[in-house]
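Below: the structure, in structure tokens.
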Amino acid sequence: MSVKEDGMGALSNRVAIVTGASRGLGKDLAIGLGRAGATVVAVARTEKEGQSAIPGTLEQTVQLVQEAGGQAVALRCDVAKEEEIQAVVDYTLKSFGRIDILVNNAGIQVPGTIKDMQVRHWDLIFTVNVKGPFLFSRSVIPAMANQGWGHILNVSSRQAVGPGPGPYEKPVGGNTHYGTTKAALERFTQGLAAELAGQGIAVNALAPRRPIWTEGGHWAVTRGGRQFVYSGWRMTSDIFRDAAVLICSQDPRAYTGNVVYDDQVHLSLGRLSEAEVLAHYPVEP
């Protein structure tokens, strides 16, 4: 049984904050949670057209959530700034009275190898990808603990796993810094889950098994007229979005401390076979 079949209303009366919600996975996660019944607080830096060269805005996300039958509001927030995070949390509690779900999705990747990387870029990627989830998680924990129910979901990546032991035939670079932040995020996930044991707050990390097409990713790889072949990719984030909804629909006392891929969630929580996963969520040949 998949979210496509039974997900409507699974999160009724829940309130979810989604970071990095102006585009890509964050946008689709907001839509999925809204369609499942949650009131979505969509958070990002890009509110309107013209504020970023990359496609996608919070205004568009809110409209898409509403078109899917959900409710959403947009709040501008830089996850590197503690005061802006606290303002989002305060607004959400004042407006809706609770915070049930936090999806730490906002993240950046700065191209380059370690040899060529500037210190400021190293610091920036850790600030957004690791410090941001720490600050947001810390800010929502009191409300979730008071409710005795909450889900913190951290968006990770296959890059958290390194290239394995050498020797290597040729250099492969460009993801060491990004992967390091995601490895840190996964350790943070399980550590925080253990710290919060018994309080009804789940902390899990979810990563795509395969690369997923997003507006930002497409913009990055095709700049300057470059061609890119998406063989082996998923051209929608449905599998990831639906996996996130499944996780956030679980009893937080029973499902926590997991670092999982999206297809694993459908095989276990969604009770689909591998053939059914491929049928529901096809891959580009």
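The number in the numbering used here is simply the position in the sequence shown, starting from 1, with 5 added.
Glycine included, C-beta positions come from ideal geometry on N, C-alpha and C.
Just so we're clear, the structure is a prediction, and the values are computed from it rather than from any experiment.
Neighbour-count burial assignment, Gly42, 16 or more Cβ in a 10 Å radius:
buried
Cβ-based neighbour list, Ala35, same chain, cut-off 6 Å, excluding 5 preceding and 5 following
Val23, Ala26, Val45, Ala47, Thr66 and Val70
Of the residues Glu191, Trp154, Arg276 and Ile130, which one's Cα is nearest the Cα of Trp264?
Sequence inspection shows Val at residue 264; the Trp mentioned does not correspond to that position. Measuring C-alpha to C-alpha distances from Val264 to each of Glu191, Trp154, Arg276 and Ile130 identifies Glu191 as the nearest.
Is Ile59 helix, strand or coil by DSSP?
Coil.
Are the beta-carbon atoms of Leu107 and Ser161 separated by less than 8 Å?
Not in contact: Leu107 and Ser161 (Cβ atoms no closer than 8 Å).
Buried or exposed by the 16-neighbour rule on C-beta atoms within 10 Å, applied to Val177
exposed
Is Gln123 buried or exposed, if buried means 16 or more other CB atoms sit within 10 Å of its CB?
Exposed is the call here.
Could you check whether Ala210 and Asn159 sit closer than 8 Å to each other, using their CB atoms as the reference points?
yes
For Met6 and Gly37, what's the separation of their Cα atoms in angstroms?
For Met6, the pLDDT reaches just 40, beneath the cut-off of 50, and the residue's location in the model is therefore unreliable, although a value from the coordinates is still provided. Each residue's alpha carbon lies about 16 Å from the other.
For Asn209, three-class secondary structure by DSSP
Looking at Asn209 - three-state DSSP - the assignment turns out to be strand.
Validate contact between the stretch 260 to 278 and the stretch 244 to 251 using beta carbons, cut 8 Å, 3 pairs:
Contact holds: three or more Cβ-Cβ distances are below 8 Å.
Classify Tyr173: buried if its beta carbon has 16 or more other beta carbons within 10 angstroms, exposed otherwise.
exposed
Distance, Thr261 Cα to Ile90 Cα:
24 Å
Sequence ranges, beta strand (DSSP E) only - wholly within the stretch 121 to 185, length at least 3
155 to 160
Give me, in chain order, the residues of the same chain whose beta-carbon lies closer than 7 Å to that of Tyr96; leave out the 5 immediate sequence neighbours on both sides.
The answer, listed in chain order, is Leu80.
Beta strand (DSSP E) segment containing Leu80, residue limits
Gln76 to Arg81
Taking DSSP as the reference, what is the three-state secondary structure of Val20?
Strand at Val20.
Coil, strand or helix - Leu30 by DSSP:
The three-state reading of DSSP puts Leu30 in helix, counting H, G and I together.
Looking at the structure shown, is Arg246 part of a helix, part of a strand, or coil, going by DSSP?
Reduced to three states, the DSSP call for Arg246 is helix.
Alpha carbon to alpha carbon, what distance is there between Thr181 and Gly167?
8 Å
Which residue marks the beginning of the beta strand (DSSP E) containing Ala49, and which one marks its end?
Counting along the chain, the beta strand (DSSP E) containing Ala49 begins and ends at Thr44 to Ala49.
Are there 16 or more other CB atoms within 10 angstroms of the CB of Glu10, so buried, or fewer, so exposed?
Any reading at Glu10 needs caution, since the residue's pLDDT is 45, under 50, leaving its predicted position unreliable; the model's value is listed next. That one is exposed.
Going by DSSP in three states, Arg40 sits in which element: helix, strand or coil?
helix
Endpoints, the alpha helix (DSSP H) within which Ile104 is located
Boundaries cannot be given for Ile104, as no alpha helix (DSSP H) includes it and DSSP labels it neither H nor E.
With a threshold of 16 other CB atoms inside 10 Å of the CB of Gln68, please say whether the residue is buried or exposed.
exposed
Is Ala150 closer than 8 Å to Gln195 when the C-beta atoms are compared?
The answer is no: Cβ separation not under 8 Å.
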